[in-house]
Amino acid sequence: MSNKKRNPWSWIPTLYFAEGLPNVLVMVVAVTMYMQLGMSDTEIALYTSWLNLPWIIKPLWSPFVDLYKTKRWWVITMQLLIGASLAGVGFTLNAPFWFQGTMTCFFLMAFSSATHDIAADGYYMLELDEHGQSFFVGIRNTFYRIAVIFGQGVLVAAAGILQVYFRNRIAFTWSLIFYALTGIFLALWFYHGLILPRPKADNRNNTNSTAVVRGMKDMIVSFFSKFPLKVFVFSILFIMFYRFPEALLGKMTTTFLQRSASEGGLGLSPMEFGIANGTIGLIGLLAGGIVGGYLASRDGLKKWLWPFVIALTLPDLVYVYMSYALPSNLWLISSCLFVEQFGYGLGFTALTLFMLYFAQGEYKTSHYAICTGLSYLGLMLPGMISGWLKDTIGYRHFFILVMVFCLITFIVTAFVQIDANFGKKEDAIDESGNYEEE
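If you're matching positions, the sequence shown starts at 33 in the working numbering and goes up one per residue.
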């Protein structure tokens, strides 16, 4: 393939769907699957939170992605490996060692996905300039979240249908789901092998170990010295704690929607869960992500930072309401999820853009990987105790406590500093939203 420039719309949606799909399988779908297989919320939150680890420590091997081969090569290779791990989950689900087997495959999937994230985000920054990155950040986040909705909505609903057809054979039906996912991911691998352009800046490197070690040292030094100490500290705190309420909510909202009323949940069937998350919630997410990216690219991140913070936190009140009202009307539940998903789509734009802002300069791929690793650490630690906390105080008090913790998001935002001009759209993006090649 030549170095021909391709319209970003031809590869950004599918690339970030491929980035989001294994993540949602490890972090969300695994929660539902293990819940149906009889595990408690405390066990689910603890074990599945450990699967965050590859995303946290991925900066340790990000220099290899930066310095060896090309970002395009890493993207395509990791997609093939993710497909193999999906097949492994489907195979081990029906084995006597199903928990150990599936967790091993999920860890392989997580490692491959974390490496894919490094390469894909680096590829994104190499192929697009700052203004293109700003415009398409809403699009990439939207398709990433479409993968999330596809996983926790469509796949869970499909598993529910299969469980009815196969008379509640839980492990067998989930193995069918993962075999189907293997086919989807192999199709994505094949498509990207054909369609992904080869940016001139994405040079093929054959670097020896000494150069890699030297590059890692330079990368780490430049990361810690790129901003004054005070600005650096507040930036790291923002990256880690901006999504603190989301870290607590993540796994428990999935179980809340599906556990029975006697357990404090809403008792949605897999089909109802799929409709609420995969239809109405998806519409809210799409709207929030696109609007967030548009506003940030038009006026810059700094102008919209506080509205994004409010959008991220206040809609979490819907879970307080639902935990007390225990509504049974599917459309009311779906409307609540629409509000929450719209707010998340807006709010997450701020974090993504800030990490792109922080990672500017040399070693941008590795620096962005460190930022996302710190962000995942901020999700992992609260997530590990979220199940125990919910089992101790119940859903109602748990969701109220989450609202109190929204103060953490406000505090870390108050001290962060952002260039007022970062992300503003210029002539590189026309009014129709098409990226103009220069």
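Note that the Cβ used here is the ideal one computed from N, Cα and C, for glycine as well.
Source: prediction; values computed, not measured.
Delimiting residues of the alpha helix (DSSP H) encompassing residue i
i: V323; result: 313-331
i: S355; result: 349-357
i: V196; result: 188-197
i: P229; result: Neither: P229 is in no alpha helix (DSSP H) and is coded neither H nor E.
i: L47; result: 44-56
i: L293; result: One detail in the question is off: residue 293 reads as Ala in this sequence, not Leu. It is not in any alpha helix (DSSP H) - A293 carries neither H nor E in the DSSP assignment.
Backbone CA spacing between residue i and residue j [nearest angstrom]
i: F96; j: F266; result: 28 Å
i: V371; j: M59; result: 22 Å
i: F182; j: T311; result: 10 Å
i: V245; j: S254; result: 14 Å
i: Y48; j: A357; result: 36 Å
i: E154; j: A62; result: Note on residue identity: the sequence assigns Gly, not Glu, to residue 154. Spanning the two alpha carbons is a distance of roughly 28 Å.
i: F386; j: L421; result: 31 Å
i: V169; j: A151; result: 16 Å
i: L218; j: V121; result: 15 Å
i: I216; j: V263; result: 43 Å
i: I450; j: K334; result: 6 Å
i: W221; j: G426; result: 43 Å
i: G225; j: I443; result: 44 Å
i: P414; j: M135; result: 20 Å
i: Q26; j: R428; result: Outside the displayed span of the chain (33 to 470) sits residue 26, for which this structure offers no information.
i: S34; j: P231; result: Its pLDDT being 44, under 50, S34 is placed unreliably in this model, and the value from its coordinates should be taken loosely. Distance between the alpha carbons of S34 and P231 is about 10 Å.
i: T286; j: Y353; result: 16 Å
i: G465; j: R38; result: Only weak support is given to the placement of G465: the predicted model assigns it a pLDDT of 33, under 50, and the question is left unresolved by the model.
i: S145; j: M303; result: 28 Å
i: W105; j: C403; result: 22 Å
i: P86; j: M416; result: 15 Å
i: T174; j: G321; result: 5 Å
i: H399; j: L78; result: 28 Å
i: G393; j: D98; result: 13 Å
i: L280; j: A328; result: 27 Å
i: G316; j: Q373; result: 5 Å
i: Y197; j: L92; result: 46 Å
i: S166; j: G325; result: 7 Å
i: V448; j: Y376; result: 20 Å
Three-state secondary structure (DSSP) of residue i
i: K422; result: helix
i: L388; result: helix
i: N466; result: Low per-residue confidence applies at N466: pLDDT is 35, beneath 50, and the placement is therefore not dependable enough to give any value.
i: K101; result: strand
i: R38; result: coil
i: M71; result: coil
i: Y395; result: coil
i: K90; result: helix
i: V507; result: Outside the displayed range of the chain (33 to 470) lies residue 507, so it cannot be described from this structure.
i: S301; result: coil
i: R201; result: coil
i: L208; result: helix
i: A127; result: coil
i: S367; result: helix
i: N173; result: helix
i: L83; result: coil
i: L25; result: Residue 25 is absent from the model: the chain starts at 33 and stops at 470.
i: S360; result: coil
i: N453; result: coil
i: L160; result: coil
i: I461; result: Low per-residue confidence applies at I461: pLDDT is 33, beneath 50, and the placement is therefore not dependable enough to give any value.
i: M416; result: helix
The ligand SAH heavy atom lying under 7 Å from the CB of residue i
i: F131; result: You won't find the ligand SAH in this model; it holds no ligand whatsoever.
Interface flag, residue i vs chain D, CB-CB below 8 Å
i: V169; result: Going by chain labels, chain D is absent from the structure shown, which holds only one protein chain.
Alpha helix (DSSP H) runs wholly inside the segment 241-290, at least 4 long, in chain order = 241-257, 261-273, 276-290
Minimum length 4: unbroken alpha helix (DSSP H) runs contained in the segment 109-155 = none
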